[in-house]
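Structure, as structure tokens:
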Amino acid sequence: MLRDAVRSLAEAKIAPYAAAVDEEARFPQEALDALTANDLHAVHVPEEYGGAGADALATVIVIEEVARACASSSLIPAVNKLGSLPVILSGSEELKKKYMTPLAKGDGMFSYCLSEPDAGSDAAGMKTKAVRDGDFWVLNGVKRWITNAGVSEYYTVMAVTDPSRRSKGISAFVVEKSDEGVSFGAPEKKLGIKGSPTREVYLDNVRIPADRMIGAEGTGFATAMKTLDHTRITIAAQALGIAQGALDYAKGYVKERKQFGKPIADFQGIQFMLADMAMKIEAARQLTYAAAAKSERGDSDLTFQGAAAKCFASDVAMEVTTDAVQLLGGYGYTRDYPVERMMRDAKITQIYEGTNQVQRIVMARNLP
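At position 247 of the sequence shown the residue is numbered 248 (our numbering), and the sequence of numbers has no breaks.
In structure tokens, the structure reads:
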């Protein structure tokens with residue numbers, strides 16, 4: 002029922018704008034409005050804060066179905082979870098009430114600020130600092146590659162509070178867009194997911210109350226890594242949706258396109274390509290859904306499973322979308338058809354929330 006409802010909504014209210022959102026590199030406001038109106042913009046927020054209280058699997062299905070129509074739009078529910086999960090996992094009850102309630106209502110989105118110009122895969126090498134000043138913390142630094150920056154109201158920011166302790170000297174904070182000293186860089190000019198703004202976040206003597214620290218001092222990096230164990234599965238879901246959208250479109254196309262007097266779907270070479278695409282998508286789906294169940298239960302092998310789902314599903318998405326372009330031939334290479342957009346959108350799923358090379362390191366260190 003959930004899948005049917007989200008798919009209907011995505012096809013009616015999100016898919017019609019997907020090409021324009023990509024072409025104009027503009028935020029998918031129509032998608033945000035439709036998702037918020039149907040309480041699908043942040044389904045993971047627990048019911049006690051006014052949220053839908055969706056479990057990890059339901060959240061994955063929402064993201065998958067939105068991504069099938071428009072990858073940029075799927076970053077609304079995905080990044081709302083990424084940005085707010087540190088608060089849910091480690092924040093005080095007051096902090097949860099203060100920020101989960103407006104998120105659930107749709108009064109503001111949440112972004113996640115971990116990466117920096119010199120701290121990507123080596124996130125523990127960050128330079129953004131937070132210095133204690135009485136009942137306040139003062140933050141200074143630059144965060145890069147921040148999804149939905151400038152649109153989101155709230156930001157989970159990781160900053161160094163004790164430089165001598167490397168990863169154990171990093172703490173997490175909630176920063177608001179309206180805080181004095183917060184500003185944003187120009188939107189990045191990207192290959193794909195063009196409807197989701199990616200910008201730098203500048204923190205210039207941003208003074209915030211001490212109670213906006215998420216969890217205890219020095220626990221920020223551990224919270225960040227724990228968050229990614231759960232949210233990498235949402236990237237797997239996004240990859241899965243992009244791949245499914247590409248297969249669905251290609252499947253329809255090959256039945257209509259005639260060459261040598263018959264639909265190209267009748268040729269075995271084409272059939273084998275479609276069979277491989279469908280098989281790999283289904284394998285990725287099973288891995289992703291199983292990882293989502295582990296996320297919900299908090300299983301001990303979640304770190305491995307989350308990394309495996311993200312890595313496998315994103316590699317499948319890149320392969321399937323590339324094959325979809327091939328199946329459409331010259332038409333697939335043009336912007337008149339959606340598969341080239343899906344191919345461009347798929348690429349980022351192999352890179353963000355930890356590159357697939359990093360996922361393999363994570364898996365190797367956490368072999369079940």
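The beta-carbon is built from N, C-alpha and C at its ideal position, and this holds for glycine as well.
For the pair of segments examined, the region 66-86 was found not to touch the region 124-133: the number of CB pairs separated by less than 8 Å stays below three.
In this structure, the straight-line span from the alpha carbon of residue 109 to that of residue 267 is close to 50 Å.
Bounds of any alpha helix (DSSP H) do not take in residue 172; it lies within the beta strand (DSSP E) bounded by 171-177. Looking from the CA of residue 147, the closest CA among 189, 357, 167, 163 belongs to 189. Between the alpha carbons of residue 359 and residue 234 lies a gap of roughly 15 Å.
Here the alpha carbons of residue 303 and residue 72 stand approximately 25 Å from one another. Every unbroken stretch of the alpha helix (DSSP H) spanning 4 or more residues and falling wholly within the region 229-306 is given here in chain order: 269-298. Distance from the CA of residue 75 to the CA of residue 181, rounded to the nearest whole angstrom, comes to 30 Å. In this structure residue 89 touches residue 97 by the C-beta definition: roughly 7 Å separates them, less than 8 Å. Boundaries around residue 140 are those of the beta strand (DSSP E), 137-148, since no alpha helix (DSSP H) includes it. Taking every protein chain shown into account, the CB of residue 335 has fewer than 16 other CB atoms within 10 angstroms, so this residue is exposed. Rounded to the nearest whole angstrom, the C-alpha separation of residue 354 and residue 261 is 46 Å.
Beta-bridge annotation (DSSP): residue 202 is paired with 144, 185.
Rounded to whole angstroms, the gap between the alpha carbons of residue 216 and residue 290 is 29 Å. Taken through DSSP and simplified to helix, strand or coil, residue 312 comes out as helix.
For the set 369, 275, 34, 107, the Cα lying nearest the Cα of residue 307 is the one of 369. Contact between residue 43 and residue 51 fails: their C-beta atoms lie close to 10 Å from each other, not under 8 Å.
Counting along the chain, residue 59 sits inside the alpha helix (DSSP H) bounded by residues 57-70. Residue 172 sits close to residue 220, with the two beta carbons spaced by under 8 Å. Judged by DSSP in its simplified three-state form, residue 224 adopts helix.
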